[in-house]
Amino acid sequence: RDETFLSQKAAPATADDLATAQDLLDTLTAHKDGCVGMAANMIGEPKRVIAFVDEGLGSAITVMFNPQITAADGEYDACEGCLSLHGERHTPRFRRIEVDYTTRKGRARHATFTDWTAQIIQHEIDHCNGVLI
Numbered sequence: 003r004d005e006t007f008l009s010q011k012a013a014p015a016t017a018d019d020l021a022t023a024q025d026l027l028d029t030l031t032a033h034k035d036g037c038v039g040m041a042a043n044m045i046g047e048p049k050r051v052i053a054f055v056d057e058g059l060g061s062a063i064t065v066m067f068n069p070q071i072t073a074a075d076g077e078y079d080a081c082e083g084c085l086s087l088h089g090e091r092h093t094p095r096f097r098r099i100e101v102d103y104t105t106r107k108g109r110a111r112h113a114t115f116t117d118w119t120a121q122i123i124q125h126e127i128d129h130c131n132g133v134l135i
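For the sequence shown, the numbering used here puts the final residue at 135, and the numbers step up evenly by one.
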């Protein structure tokens, strides 16, 4: 919950950050009842790693290294909460996004996400960029 720490941009993730990715996956799994996404800086690791519940994969948890939004459309006003902050806040989001990222196995990927999953990913990428809602 340290807003000063969370407001710092995360460093690029490398293959050396696999343990961080596993810790993030384990933490999100343990809090899946009340949490749908997390960024590594939320567990004290300032690296560009996110994990989120992917509705497109039957609510499986997906982990991304160095995610970058490459396209977005359908802007709307979302009201979001965050584990790191109290209450909810309004923030602009997009209904459809395209993301370049690397898997935990080091494979480059490009994927399209929509609706709720897209919103979660945008929130977690904001964390990587030091942006708090």
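Built from N, CA and C at the ideal position, the CB exists for glycine as well.
Considering only Glu47, Phe54, Gly46, the residue with the shortest C-alpha distance to Val38 is Phe54. Contact between Met44 and Tyr103 is absent: CB atoms are separated by about 18 Å, not below the 8 Å threshold. With respect to the 9 Å criterion, Ile123 and Arg91 are not classified as neighbours on the basis of their beta carbons. Exclusion of the five residues before and after Glu100 leaves Thr72, Ala73, Thr114 as the residues of its chain whose Cβ lies within less than 6 Å of its Cβ. In this structure, the CA atom of Val51 is about 16 Å from the CA atom of His112.
With fewer than 16 other beta carbons inside 10 angstroms of its own, Glu77 counts as exposed.
Collapsing the DSSP output to three states places Thr119 in a helix.
Residue Asp128 holds the alpha-carbon nearest to the alpha-carbon of Ser86 among Ala62, Asp128, Arg106, Gly60.
Under the three-state reduction of DSSP output, Ile135 falls in the coil class, being neither helix nor strand. In the DSSP annotation of this structure, the continuous segment of the alpha helix (DSSP H) that includes Gln24 starts and ends at 20-32. When secondary structure is reduced to three states using DSSP, Gly58 falls in the helix class.
According to the DSSP assignment, Met40 belongs to the beta strand (DSSP E) that extends over 39-41.
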